[in-house]
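Residues 695 to 1035 (the working numbering) make up the sequence shown, in order. C-beta: ideal position from N, C-alpha, C; glycine also. First the structure, in the form of structure tokens, and then the observations on it.
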Amino acid sequence: MTSTGMLAWRVSELGEPRDVLRLVDVERPTPGPGQLVVRVLAVPANFPDALMCRGLYQVRPELPFTPGAELCGEVVAVGAGVTGLAPGDRVIGAPTMPYGGFAELALLEAAMTFPAPEALDDAEAASLFIGYQTGWFALHRRTRLQPGETLLVHAAAGGVGSAAVQLGKAAGATVIGVVGGEAKAEVARQLGADVVVDRHREDFVAVVKEYTDGRGADVIYDPVGGDTYDRSTKCIAFEGRILVIGFAGGRIQEAALNHALIKNYSIIGLHWGLYNTRNPGVVRACHDELTALAAQGLIKPLVSERLGLDQVADGVQRLADGDTVGRVVFIPALAGVGQNP
695 MTSTGMLAWR VSELGEPRDV LRLVDVERPT PGPGQLVVRV LAVPANFPDA
745 LMCRGLYQVR PELPFTPGAE LCGEVVAVGA GVTGLAPGDR VIGAPTMPYG
795 GFAELALLEA AMTFPAPEAL DDAEAASLFI GYQTGWFALH RRTRLQPGET
845 LLVHAAAGGV GSAAVQLGKA AGATVIGVVG GEAKAEVARQ LGADVVVDRH
895 REDFVAVVKE YTDGRGADVI YDPVGGDTYD RSTKCIAFEG RILVIGFAGG
945 RIQEAALNHA LIKNYSIIGL HWGLYNTRNP GVVRACHDEL TALAAQGLIK
995 PLVSERLGLD QVADGVQRLA DGDTVGRVVF IPALAGVGQN P
């Protein structure tokens, strides 16, 4: 990194991450009013990063841009009007496009920046923001998950799914995790799932019905959509709640509202990003709660890979292809071969 430039992964045309991400020298960002620049300490891959590369995400930055939706960083400069943050502070947050997290430096809005939990290292702290905020809002604000209820989590070894497993256990729920493959099943067990279903070998509908004596799951956390959603309606409990988190499976399903009426369940959507503009105070309150849970050891992001910045294109592509478990985190200070946690 020079005094005027930095390394950053840039997307100049849309397509698969491996094809369109390029590591280039770019100008360093300068903080405007209410903004800050951080030295990136760690940045995880998220499915929205792959969707942005493809031009399929609801947020479509103007080309060229640097993806990287969340990070842990060290403040190096602050803009006018920024209070409570100073150079040297370790923080987490969502970068401001086009200066995303897959770079040596990133730009953040001060209002969207939070102290990094002391109980977590850089890679873990970087992975706390989007997945755990999404899980907390989904389970506590949107569905009011209660102790003793049964929570079914799809893609339980993925970024948002793994957070939902830990948050469900912390809330006193019984958690059934659905994954694809034995490696991911082992991750779900490590996260604390009470029952793990390998969808390649078992029918999750049958397992849920058997485990709950036919009652079904009280809350279903679905970041997959498509056929997974359709099947989930077959094992939702009376007065159950199905959370629509995303469509990683590739097909946006159409809900049969007559079925929701007949079986008396709720279909609940969650777009966590809206809270940052509609009710930012509750986002900060959520961060405080997550920090407390981390300090108590009740939640801890499972980092499966720690890679150098030079491995971003490959890592994001593998996540997009469903070939990763836990969180894949890039650490600019590392170079070359990835490391285990």
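query: For V997, which residues from the same chain have a beta carbon less than 7 angstroms from its beta carbon, with the 5 sequence-adjacent residues on both sides left out?
result: Position 303 of the sequence shown holds residue 997. The residues are A817, E818, S821, G1020, R1021, V1023 and P1035.
message: What does the alpha-carbon distance come out to for the pair Q1033 and G842?
response: Position 339 of the sequence shown, counted from the first residue, corresponds to residue 1033. Position 148 of the sequence shown, counted from the first residue, corresponds to residue 842. In this prediction, Q1033 scores a pLDDT of 43, lower than 50, which makes its location untrustworthy; no coordinate-derived value is stated.
- prompt: So the alpha helix (DSSP H) L885 belongs to, where does it begin and stop?
  reply: In the sequence shown, counting from the first residue as 1, residue 885 sits at position 191. E876 to L885 is the extent of the alpha helix (DSSP H) around L885.
task: Out of R838, W830, Q840 and V869, point me to the one whose CA is closest to V847's CA.
output: By 1-based counting over the sequence shown, the position of residue 847 is 153. It is V869.
- request: Count the C-beta pairs between the stretch 800-811 and the stretch 721-733 that are closer than 8 angstroms, then say yes if the count reaches three, no if not.
  value: yes
message: As a quick exercise: from R1012, A1014, L1003 and C980, pick the residue whose alpha carbon is nearest that of W830.
response: Translated into the one-based positions of the sequence shown, residue 830 becomes position 136. It is C980 whose Cα lies nearest to the Cα of W830.
- request: Could you tell me the boundaries of the alpha helix (DSSP H) in which H848 lies?
  value: On the sequence shown, position 154 is the one that residue 848 refers to. Element bounds for H848: not the alpha helix (DSSP H) but the beta strand (DSSP E), T844 to H848.
- request: Compare the C-alpha of Q860 against each of A887, L839, G963 and Y959 and name the closest.
  value: The residue given as residue 860 occupies position 166 in the sequence shown. Considering only alpha carbons, the answer is A887.
- prompt: According to DSSP, is M700 helix, strand or coil?
  reply: As a position in the sequence shown, residue 700 is number 6, starting the count at 1. The answer is strand: DSSP assigns M700 an E or B state.
query: From this set, E999, H894 and L964, which residue's C-alpha is nearest I914's C-alpha?
result: For the purposes of this step, residue 914 is taken as the residue at position 220 of the sequence shown. Per the Cα distances, L964.
message: With H, G and I counted as helix, E and B as strand and the rest as coil, what does DSSP make of E814?
response: Counting from 1 along the sequence shown, the entry for residue 814 is found at position 120. Correcting the residue identity first, residue 814 is Leu in this sequence and not Glu. The answer is coil: DSSP assigns L814 none of H, G, I, E or B.
field: Other residues of its chain near Y969: CB distance less than 7 angstroms, five sequence neighbours each side excluded
entry: The residue you call residue 969 lines up with position 275 of the sequence shown. Cβ within range, chain order: F831, V976 and V977.
- prompt: In the DSSP assignment, what are the bridge partners of S960?
  reply: The residue labelled residue 960 in the question sits at position 266 within the sequence shown. S960 is bridged to R935.
message: As a quick exercise: from T790, F808, G795 and F898, pick the residue whose alpha carbon is nearest that of D783.
response: Mapped onto the sequence shown, residue 783 falls at position 89. The shortest Cα separation from D783 among T790, F808, G795 and F898 belongs to F808.
- request: Could I get the ranges of all uninterrupted beta strand (DSSP E) runs contained in the stretch 962-1032, with 3 residues as the minimum, in chain order?
  value: 997-1002 and 1021-1025
field: Reference Y793; option with closest CA among G944, A771, D924 and W703
entry: Stepping through the sequence shown from its first residue, residue 793 is reached at position 99. Closest option to Y793, Cα to Cα, is W703.
message: Check whether the stretch 893-913 and the stretch 930-948 touch, using three or more Cβ-Cβ pairs below 8 angstroms as the test.
response: yes
field: N- and C-terminal bounds of the alpha helix (DSSP H) containing L745
entry: Position 51 of the sequence shown holds residue 745. Its alpha helix (DSSP H) spans residues F741 to R748.
message: I want to see whether chain B comes within less than 9 angstroms of E812, judged by CB atoms only; does it?
response: Among the chains of the structure shown, chain B does not appear; only one protein chain is present.
message: So, with DSSP's three-state summary, where would you put D713?
response: What you label residue 713 is simply residue 19 of the sequence shown in a count that begins at 1. Note: D713 maps to helix in three-state DSSP.
query: In its own chain, which residues sit with a C-beta less than 6 angstroms from the C-beta of R712, not counting the 5 before and 5 after it?
result: For the purposes of this step, residue 712 is taken as residue 18 along the sequence shown, with counting starting at 1. Around R712: A1007 and Q1011.
message: Helix, strand or coil, according to DSSP, for P1035 in the structure here?
response: Numbered from its first residue, the sequence shown carries residue 1035 at position 341. The pLDDT assigned to P1035 is 43, lower than 50, so where the model puts this residue is not dependable, and the model offers no usable value.
- prompt: Nearest CA to the CA of L715: which residue from Y959, E880 and L745?
  reply: In the sequence shown, the residue the question calls residue 715 occupies position 21. Among Y959, E880 and L745, the Cα nearest to that of L715 belongs to L745.
Inter-residue Cα distance where the pair is V770 and G787: Sequence index remark: in the sequence shown, residue 770 carries index 76 (1-based). Sequence index remark: in the sequence shown, residue 787 carries index 93 (1-based). Those two C-alpha atoms are separated by around 15 angstroms.
task: Give the C-beta separation of Y905 and V889 to the nearest angstrom, bearing in mind that I take them to be a contact with Cβ-Cβ under 8 angstroms.
output: Walking along the sequence shown from the start, residue 905 turns up at place 211. Walking along the sequence shown from the start, residue 889 turns up at place 195. With 8 angstroms as the limit, Y905 and V889 qualify as a contact, their Cβ atoms being about 6 angstroms apart.
- request: Less than 8 angstroms between the CB atoms is what I'm expecting for L779 and L730, so what's the real figure, rounded?
  value: Start at 1 with the first residue of the sequence shown, and residue 779 comes out as number 85. Start at 1 with the first residue of the sequence shown, and residue 730 comes out as number 36. 6 angstroms between Cβ atoms; contact.
- request: Using the Cα positions of D892 and E880, report the straight-line distance between them to the nearest angstrom.
  value: Mapped onto the sequence shown, residue 892 falls at position 198. Mapped onto the sequence shown, residue 880 falls at position 186. About 10 angstroms.
field: Distance between K863 and F898 (C-alpha atoms, nearest Å)
entry: Translated into the one-based positions of the sequence shown, residue 898 becomes position 204. Translated into the one-based positions of the sequence shown, residue 863 becomes position 169. Roughly 19 angstroms between the two C-alpha positions.
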